[in-house]
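Each protein sequence line maps, in turn, to chains P and G. Per our numbering, the first sequence runs over residues 3 to 433. Per our numbering, the second sequence runs over residues 400 to 702. Beta carbons are placed, not taken as given, at the ideal position from N, Cα and C, and that holds for glycine.
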Amino acid sequence: MGKIWLIIQREYTSRVRTKSFIISTVLVPLTIIILMAASIFIALYGNEKLEIAVKDESGLFEDKFRGLDQGETLLFKYQKEATLDQLREDVKSNTYSGVLYIPEIDLDQPKGIKYYGSNQLGPQTESLISSALSEVVKSEVLKREGYDSQLLKKLEEKVSFESIIKEKEKGGITEVSYGFGYAMGFMMYMFIFIYGAMVMKGVAEEKTTRIVEVMLSSIQPFQLMVGKVLGIGLVAFTQTILWFISIIGAYIFIGVMFADELRQYAELQAAGTASGNEAAILEVMDTIKAMDLSRITLSFFFYFIFGFLFYGAQFAAVGAAVTDDTDANSYTMPIAMPIIIAIIIMNVAVQQPGASVAVWSSMIPWFSPVVMLARIPFDVSWTEQIISMILLVLGSIAMLWLAARIYRVGILIQGQKVSFKDIGKWIFSKS
Amino acid sequence: MKDIIQIKGVKKSFENHQALKGIDLNIPKGSIFGLLGPNGAGKTTLIRNLTQIYRPDSGEIFFMGEPLQSRHIRNIGYMPEERGLYKKMKIGEHLIYLARLKGLSASEARQKVDKWFNHFNIEDWRNKKIEDLSKGMQQKVQFIATILHDPELLILDEPYSGLDPINANLIKDEMMAMRDKGTTIIFSTHRMESVEEMCEDIALINNGEIILHGNVKEIRRQYKKNLYQVTLADGSIWPSQLDLKYPVKAIDDHSYEIYLQQHSTNEFLADIIATQTPIVGFHEILPTVNDIFIQKVKDSNHG
Numbered sequence: 003m004g005k006i007w008l009i010i011q012r013e014y015t016s017r018v019r020t021k022s023f024i025i026s027t028v029l030v031p032l033t034i035i036i037l038m039a040a041s042i043f044i045a046l047y048g049n050e051k052l053e054i055a056v057k058d059e060s061g062l063f064e065d066k067f068r069g070l071d072q073g074e075t076l077l078f079k080y081q082k083e084a085t086l087d088q089l090r091e092d093v094k095s096n097t098y099s100g101v102l103y104i105p106e107i108d109l110d111q112p113k114g115i116k117y118y119g120s121n122q123l124g125p126q127t128e129s130l131i132s133s134a135l136s137e138v139v140k141s142e143v144l145k146r147e148g149y150d151s152q153l154l155k156k157l158e159e160k161v162s163f164e165s166i167i168k169e170k171e172k173g174g175i176t177e178v179s180y181g182f183g184y185a186m187g188f189m190m191y192m193f194i195f196i197y198g199a200m201v202m203k204g205v206a207e208e209k210t211t212r213i214v215e216v217m218l219s220s221i222q223p224f225q226l227m228v229g230k231v232l233g234i235g236l237v238a239f240t241q242t243i244l245w246f247i248s249i250i251g252a253y254i255f256i257g258v259m260f261a262d263e264l265r266q267y268a269e270l271q272a273a274g275t276a277s278g279n280e281a282a283i284l285e286v287m288d289t290i291k292a293m294d295l296s297r298i299t300l301s302f303f304f305y306f307i308f309g310f311l312f313y314g315a316q317f318a319a320v321g322a323a324v325t326d327d328t329d330a331n332s333y334t335m336p337i338a339m340p341i342i343i344a345i346i347i348m349n350v351a352v353q354q355p356g357a358s359v360a361v362w363s364s365m366i367p368w369f370s371p372v373v374m375l376a377r378i379p380f381d382v383s384w385t386e387q388i389i390s391m392i393l394l395v396l397g398s399i400a401m402l403w404l405a406a407r408i409y410r411v412g413i414l415i416q417g418q419k420v421s422f423k424d425i426g427k428w429i430f431s432k433s
Numbered sequence: 400m401k402d403i404i405q406i407k408g409v410k411k412s413f414e415n416h417q418a419l420k421g422i423d424l425n426i427p428k429g430s431i432f433g434l435l436g437p438n439g440a441g442k443t444t445l446i447r448n449l450t451q452i453y454r455p456d457s458g459e460i461f462f463m464g465e466p467l468q469s470r471h472i473r474n475i476g477y478m479p480e481e482r483g484l485y486k487k488m489k490i491g492e493h494l495i496y497l498a499r500l501k502g503l504s505a506s507e508a509r510q511k512v513d514k515w516f517n518h519f520n521i522e523d524w525r526n527k528k529i530e531d532l533s534k535g536m537q538q539k540v541q542f543i544a545t546i547l548h549d550p551e552l553l554i555l556d557e558p559y560s561g562l563d564p565i566n567a568n569l570i571k572d573e574m575m576a577m578r579d580k581g582t583t584i585i586f587s588t589h590r591m592e593s594v595e596e597m598c599e600d601i602a603l604i605n606n607g608e609i610i611l612h613g614n615v616k617e618i619r620r621q622y623k624k625n626l627y628q629v630t631l632a633d634g635s636i637w638p639s640q641l642d643l644k645y646p647v648k649a650i651d652d653h654s655y656e657i658y659l660q661q662h663s664t665n666e667f668l669a670d671i672i673a674t675q676t677p678i679v680g681f682h683e684i685l686p687t688v689n690d691i692f693i694q695k696v697k698d699s700n701h702g
């Protein structure tokens with residue numbers, strides 16, 4: 003065990019100290035933060051200031067545009083006195099960005115509404131105006147037919163329902179669980195590929211630089227292999243945690259430093275869509291609070307560690323078996339296929355966490371690290387999860403054993419082509 | 400304890416062939432032992448059994464009288480034929496790492512590394528990466544890595560392969576110095592010149608079997624062919640009247656090889672002195688290890 007620890011240390015420190023690790027660890031959260039900040043600032047300051055005059059011949063739209071103003075960036079001015087021609091002159095002299103002209107309209111055929119502007123309107127502004135117009139027309143039609151104009155509001159009311167799963171009330175919205183599940187499953191998939199390939203490369207390097215025989219005179223092949231897989235797994239783990247911490251930290255930092263901008267941004271967002279957006283945000287927060295975050299976190303770590311052992315062992319075996327890089331691709335196929343299938347199943351699992359393909363594949367060690375992780379935010383039963391965890395632990399042990407048998411022979415083979423048949427023989431050969 | 404290693408009936412096979420067919424061999428403590436054999440004879444397989452990279456299929460190996468086991472790793476230093484180092488590691492850290500894998504504590508390892516840096520006067524290499532060193536320098540580091548933990552038994556597989564003459568000499572000198580301090584050295588090679596020069600004992604291995612082993616001097620004596628070399632003074636001619644009695648072959652202008660089977664050396668000397676030929680030298684020609692090697696391998700392949 004002491005020697006495995008030495009190997010883990012070397013594999014870990016030699017990678018964590020490389021420039022590429024430091025750069026990718028800093029760069030990824032930094033990119034996310036910059037994108038986040040940029041989208042806020044562009045939304046706040048990037049938009050052109052639009053001031054639109056409304057010339058309404060029908061008189062139906064008075065007061066209807068007041069609620070549409072968006073802070074400093076979009077303003078509607080209802081003009082009673084000025085004529086259309088005057089206003090069009092104002093547009094030319096840049097007093098207004100444009101004029102919205104509404105003639106006397108026939109409610110059955112509301113036509114003839116025009117916008118005279120110096121620039122094309124953005125699609126968002128266009129749909130904003132058009133939906134405001136149609137709402138007024140609709141309520142006028144209702145009024146004409148003798149209905150209460152409040153009826154429209156009632157008609158548009160969305161009816162939601164509450165889910166009670168296994169007699170437990172489950173609050174919140176499934177989209178949040180979906181997002182969580184998808185993110186975790188996908189992250190697992192990414193790490194298996196990136197860091198699995200790193201294990202394979204590391205093993206192949208030991209073989210080509212021929213240090214391996216020097217090493218094997220001091221330690222057993224199994225120790226070297228497990229030490230490498232664990233050491234690199236730890237690098238992946240470190241990177242995840244650093245990303246996690248730095249993104250959370252950045253959120254807090256931005257939240258404190260740019261509190262004013264954020265408030266404006268929130269107002270902007272709320273004004274942009276239908277009312278009740280704030281309520282939606284609150285509901286998202288409630289859903290996150292309602293989720294068992296400690297279970298999700300611990301499960302993530304568990305599936306991360308054992309999933310990585312399970313797949314890392316396979317990558318190590320391939321690294322030991324191949325003699326040149328071009329071979330490596332064909333040998334990684336049997337490893338890559340199940341991971342890709344797992345991602346396909348995951349797409350089903352986040353939409354129908356109870357689907358039998360999702361349930362069964364979250365028991366199978368090849369898929370469970372990705373599929374089960376994606377399902378956990380939807381409240382998987384503990385019995386299911388424990389069975390899945392036990393199977394994954396057993397699977398990892400079996401895979402390590404199998405990989406070690408390939409590894410111990412393959413690592414000492416130099417310069418000869420290795421076939422799948424050879425690998426099969428190695429597994430069953432005596433030590 | 401006279402023998403540091405005792406090998407008893409060791410067999411080892413791989414899928415398609417039997418690499419060792421029952422090896423029995425004792426290696427005396429404190430000597431330089433040559434393990435000879437053509438390529439593919441089983442030398443490296445035998446060595447890998449000694450370094451516990453392989454386990455024998457049957458038979459036993461003893462180290463200092465105890466069955467060979469993992470704690471003996473600490474006492475054995477091994478420089479394989481296929482050797483290398485982690486290219487991206489700093490030399491100081493690399494050496495400490497290898498020493499610790501042998502079982503040294505961190506402080507012991509640091510101390511030993513300091514000692515060898517000092518010994519070879521390469522203190523300024525400590526923070527360089529392996530890949531920044533020349534090939535020759537890497538070889539030196541590789542050798543230090545092998546002996547860093549003061550092994551009682553040093554195993555060098557083809558130590559001179561790929562070595563420049565300066566490092567080859569350096570390693571030879573270090574080997575001698577270590578032998579004088581009591582270290583046993585096993586070294587495998589198919590190059591014979593170095594063997595005669597350095598080894599007290601040898602074993603000759605072919606097709607997975609030991610076909611000859613023992614003290615180098617004794618073996619050479621054992622394989623002698625009663626050939627002697629006579630050197631005459633400049634300008635003198637070989638007395639042809641002796642040709643009938645003693646079969647002779649000219650080596651060069653005034654050296655001759657004679658074959659004495661029924662006659663003693665004294666009888667021959669008396670005869671040649673009687674011819675008044677001026678002699679400046681007379682000595683026995685012993686076969687070189689190379690000759691014996693080639694002879695034995697041929698015999699065993701045909702036999």
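Among residues of its own chain, excluding the 5 on either side of residue i, which ones have a beta-carbon nearer than 6 Å to its beta-carbon?
i: K419 (chain P); result: none
i: V372 (chain P); result: G187, M190, Y191, A344, M348
One question on the structure: do residue i and residue j come within less than 9 Å of each other, judged by their Cβ atoms?
i: Q316 (chain P); j: A405 (chain P); result: yes
i: Q416 (chain P); j: K209 (chain P); result: yes
i: T676 (chain G); j: G429 (chain G); result: no
i: I6 (chain P); j: G229 (chain P); result: yes
i: K411 (chain G); j: P427 (chain G); result: no
i: I490 (chain G); j: S219 (chain P); result: no
i: I115 (chain P); j: L102 (chain P); result: yes
i: L562 (chain G); j: I584 (chain G); result: no
Would you kindly work out how many angstroms separate the C-alpha atoms of residue i and residue j, rounded to a whole number?
i: I446 (chain G); j: D572 (chain G); result: 23 Å
i: A276 (chain P); j: G148 (chain P); result: A caution first: A276 (chain P) carries a pLDDT of 44, below 50, which makes its placement in the model too unreliable to give a value.
i: I429 (chain P); j: I256 (chain P); result: 55 Å
i: D110 (chain P); j: D58 (chain P); result: 18 Å
i: G278 (chain P); j: F163 (chain P); result: Any reading at G278 (chain P) must be qualified, since the residue scores a pLDDT of 47, below 50, and its modelled position is unreliable; the value itself is stated next. Taking the straight line joining both Cα atoms gives about 17 Å.
i: W368 (chain P); j: I307 (chain P); result: 14 Å
i: E177 (chain P); j: V139 (chain P); result: 34 Å
i: K514 (chain G); j: K539 (chain G); result: 14 Å
i: L414 (chain P); j: A505 (chain G); result: 29 Å
i: F461 (chain G); j: S421 (chain P); result: 37 Å
i: G613 (chain G); j: Y485 (chain G); result: 39 Å
i: Q11 (chain P); j: M293 (chain P); result: 36 Å
i: R146 (chain P); j: E159 (chain P); result: 22 Å
i: M374 (chain P); j: I243 (chain P); result: 20 Å
i: R499 (chain G); j: L532 (chain G); result: 23 Å
Spatial neighbours of residue i within its chain, please: CB distance less than 7 Å, with the 5 preceding and 5 following residues excluded, ordered by chain position.
i: F692 (chain G); result: L435, M591, L603
i: M365 (chain P); result: I389, S390, L393
i: E53 (chain P); result: L77, K79, Y98, S99
i: E142 (chain P); result: L62, L109
i: K420 (chain G); result: K410, G607, E608
Using C-beta distances below 8 Å, list every residue in its chain close to residue i, excluding the 5 sequence neighbours before and after it, in chain order.
i: I609 (chain G); result: I422, D423, L424, A602, L603
i: A440 (chain G); result: I604, N605, N606, G607
i: R509 (chain G); result: I495
i: E215 (chain P); result: L414
i: P646 (chain G); result: I657, Y658
With a threshold of 8 Å, establish whether the CB of residue i neighbours any heavy atom of the ligand GDP.
i: P112 (chain P); result: The ligand GDP is absent from the structure shown, which contains no ligand whatsoever.
Practice prompt. Using a Cβ-Cβ cut-off of less than 9 Å, list which residues of the region 206-228 of chain P approach chain G; keep chain order.
Written response: Near chain G, meaning a CB-to-CB distance below 9 Å, the residues of the region 206-228 of chain P are E207, E208, T210, T211, R212, I213, V214, E215, V216, M217, L218, S219, S220, I221, Q222, P223.
Worksheet item: Got a sec: which bits of the region 586-608 of chain G sit with their beta carbon under 7 Å from any beta carbon on chain P, in order along the chain?
Response: From the region 586-608 of chain G, no residue has a Cβ closer than 7 Å to chain P.
Worksheet item: Is it true that the region 332-342 of chain P meets the region 184-203 of chain P, where meeting means three or more beta-carbon pairs spaced less than 8 Å apart?
Response: Pairwise C-beta distances place the region 332-342 of chain P in contact with the region 184-203 of chain P, as three or more of them are shorter than 8 Å.
Worksheet entry | Interface residues of the region 21-53 of chain P facing chain G [CB-CB below 8 Å] | Identification of residues in the region 21-53 of chain P having a C-beta nearer than 8 Å to some C-beta of chain G yields an empty set.
Fill in: Residues of the region 399-418 of chain P whose Cβ lies closer than 8 Å to any Cβ of chain G, in chain order
L414, Q416
Item to complete: Using a Cβ-Cβ cut-off of less than 7 Å, give me the residues of the region 373-400 of chain P that come near chain G, in sequence order.
Response: none
Worksheet entry | Against chain P: residues of the region 647-665 of chain G by CB proximity under 9 Å | none
Item to complete: Indicate whether the contact test is met: 3 or more Cβ pairs, each with one atom in the region 453-470 of chain G and one in the region 403-419 of chain G, closer than 8 Å.
Response: yes
Practice prompt. Compile a chain-ordered list of the residues in the region 663-697 of chain G whose CB is closer than 8 Å to at least one CB of chain P.
Written response: none
Worksheet item: For the region 482-498 of chain G, which residues have a CB atom closer than 8 Å to at least one CB atom of chain P, in sequence order?
Response: R482, G483, L484, Y485, K486, K487, M488, Y496, L497
Practice prompt. For the region 500-511 of chain G, enumerate the residues whose C-beta is nearer than 7 Å to any C-beta of chain P, in chain order.
Written response: L500, K501
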